[in-house]
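Undergrad: Quick one: the structure is below, questions incoming.
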Amino acid sequence: MVKRSQARDAALQVLYQDDLNPRVSPSVGESLLEERLPSEELRDFARELVAGVRRNRAELDRRIAESAANWALDRMAVTDRCVLRLGAYEILFGDTPNTVAIDEAIELAKRFGTAQSANFVNGVLDRLMHSEE
């Protein structure tokens, strides 16, 4: 089985780039996926995640803001915001089981965020998941 975690990792890097440099061509993200992911299956999954977050960003941001008590999206660390968008996309629109989506987001937050990122991401996505039930 191919590790979809690798695809999430690369997708997060593309989303981070999108957040910091919104005018950069999407082809830059595509190049990153081509370089970082060894298989077409992983690249396809990462492309699906990136395209889904891009397409649904306004809805994702609204739902994250509702679930992030006392936190404005623009005040969050960029990494946390991108991890939350990715996790929220998988919960709201993906076919990944919600608990897996949250666990994967927590792992991304641990790898790329601050010491508090994993707990923050867990809390926000858990509230989001329960608001869907």
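Residues in the sequence shown are numbered from 5 upward in steps of one, following our numbering. Cβ atoms here follow ideal geometry from the backbone N, Cα and C, with glycine treated the same way. Bear in mind that the values here come from a model prediction, so they are computed numbers and not experimental data.
#1: Could you check if V104 is buried or exposed, using at least 16 other CB atoms within 10 Å of its CB as the buried criterion?
#2: Straight-line CA distance for D13 to V87?
#3: If we call anything under 9 Å between Cβ atoms a contact, is L24 one with V82?
#4: Roughly how many angstroms lie between the CA atoms of N102 and R27, to the nearest whole one?
#5: Does the stretch 38 to 46 come into contact with the stretch 65 to 78, if we say contact requires no fewer than three beta-carbon pairs (one atom in each stretch) closer than 8 Å?
#6: For S71, collect the residues of the same chain with a Cβ closer than 7 Å to its Cβ; drop the 5 residues on either side in sequence, then sort them by chain order.
#7: Can you list, in chain order, the residues of its chain with a C-beta nearer than 7 Å to that of D84? Leave out the 5 residues immediately preceding and following it.
TA: Taking the coordinates as given:
#1: exposed
#2: 10 Å
#3: Yes. Within cutoff.
#4: Each residue's alpha carbon lies about 32 Å from the other.
#5: The way I'd put it, the stretch 38 to 46 doesn't touch the stretch 65 to 78; fewer than three beta-carbon pairs between them come closer than 8 Å.
#6: V128, R131, L132, S135
#7: A113, G117, S121, F124, V125
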